[in-house]
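Encoded as structure tokens, the structure appears first; notes follow it.
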Amino acid sequence: MNKTGFIFDLDGVIVDTAKYHYLAWKKLANDLGFEFTKEQNELFKGVSRKRCLEILLNDIGKINYTQEQFDSWMIEKNEDYLEFISNMNSSEILPDVPKVLNYLKEKEIPIALGSASKNAKPILEKVGLLNYFQVVVDGTHVAKAKPDPEVFLIAAKQLKVNPENCVVFEDAVAGVEAANAARMTSIGIGDQNILSHAKYNFTDFTKISIQFINKLISN
Ligand code: B16
Ligand code: MG
254 MNKTGFIFDL DGVIVDTAKY HYLAWKKLAN DLGFEFTKEQ NELFKGVSRK
304 RCLEILLNDI GKINYTQEQF DSWMIEKNED YLEFISNMNS SEILPDVPKV
354 LNYLKEKEIP IALGSASKNA KPILEKVGLL NYFQVVVDGT HVAKAKPDPE
404 VFLIAAKQLK VNPENCVVFE DAVAGVEAAN AARMTSIGIG DQNILSHAKY
454 NFTDFTKISI QFINKLISN
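Throughout, the numbering used here is defined as the position within the sequence shown, counted from one, plus 253.
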């Protein structure tokens with residue numbers, strides 16, 4: 254059993270893919286004859302693709318559709334998203350994320366990804382970070398989406414670390430709730446007022462010191 258494990262969310266923690274999700278949802282909404290705002294996109298952070306589409310269709314008042322239509326809109330959104338992320342590279346890694354990843358690697362602390370995205374692995378590959386992660390748990394591995402703790406509990410099991418000894422970096426309310434439900438140490442990355450249920454809060458990784466990481470490791 255390893256003593257401590259670190260689990261990173263992807264979108265909003267390691268890279269800002271929210272802007273590409275926004276463009277793809279906006280395109281789908283526009284194709285259906287509706288607008289889609291950045292405020293609406295905020296509520297999609299950390300939420301599964303299927304649930305996002307259900308919310309979008311509800312918001313635009315589209316209630317009569319077949320399962321085939323629903324599935325084809327899911328495919329359309331994802332194809333557009335894949336097109337938008339096709340040129341992603343290491344320049345899109347959020348500031349000071351490599352500082353923390355490199356330090357954990359140096360200390361031989363196991364690292365996992367815990368993301369709702371079914372595209373997580375290719376994104377890590379594109380930005381050149383896949384090799385840092387001993388474990389990748391994403392939207393293809395879970396039955397229950399965040400705020401259910403499943404994604405983080407699977408990650409802890411694969412890391413061979415007790416959930417209580419895992420640290421989770423999250424930018425979404427649902428993700429912080431999932432980490433808390435798993436009895437892990439939750440660290441909110443972003444707006445403290447929105448992520449008020451996190452045990453610790455930072456606006457971004459530039460505010461996280463190596464001393465703080467050491468404190469988490471030795472706890
Ligand atoms: P996909 P995370 C989440 O990633 C995004 O925040 C959310 O906006 C998206 O709908 C979800 O992944 C599913 O993504 O369509 O690629 O499967 O924050 O959990 O890393
Ligand atoms: Mg996120």
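All C-beta atoms, glycine included, are put in the ideal place defined by N, C-alpha and C.
Predicted model, so just to flag it, every value in this text is computed and none were measured.
Please work out which residues of its chain come closer than 6 Å, Cβ to Cβ, to residue i, disregarding the five sequence neighbours upstream and downstream, and give them in chain order.
{"i": "Phe297", "result": "Cys305"}
{"i": "Ser343", "result": "Val380, Gly381"}
Could you tell me if the beta carbon of residue i falls within a distance shorter than 7 Å of some heavy atom in the ligand MG?
{"i": "Val420", "result": "no"}
{"i": "Val266", "result": "yes"}
Do you know how far the Cα of residue j is from the Cα of residue i?
{"i": "Asn340", "j": "Lys280", "result": "19 Å"}
{"i": "Thr438", "j": "Tyr334", "result": "32 Å"}
{"i": "Ile470", "j": "Phe405", "result": "18 Å"}
{"i": "Thr459", "j": "Lys330", "result": "33 Å"}
{"i": "Glu403", "j": "Gly367", "result": "10 Å"}
{"i": "Asn472", "j": "Ala409", "result": "17 Å"}
{"i": "Trp326", "j": "Ala277", "result": "11 Å"}
In three-state terms, what does DSSP make of residue i?
{"i": "Val421", "result": "strand"}
{"i": "Val395", "result": "coil"}
{"i": "Ser301", "result": "coil"}
{"i": "Asp269", "result": "coil"}
{"i": "Tyr453", "result": "strand"}
{"i": "Val353", "result": "helix"}
{"i": "Asp312", "result": "helix"}
Compare the C-beta of residue i with all C-beta atoms of chain D and state if any pair is closer than 8 Å.
{"i": "Asn384", "result": "Reference to chain D is not applicable here, since this structure consists of a single protein chain."}
Run the proximity test for residue i: is its beta-carbon closer than 7 Å to any non-hydrogen atom belonging to the ligand B16?
{"i": "Val300", "result": "yes"}
Next item on the list: Determine contact between the region 310-325 and the region 256-268, defined as no fewer than three beta-carbon pairs at a distance below 8 Å.
Entry: no
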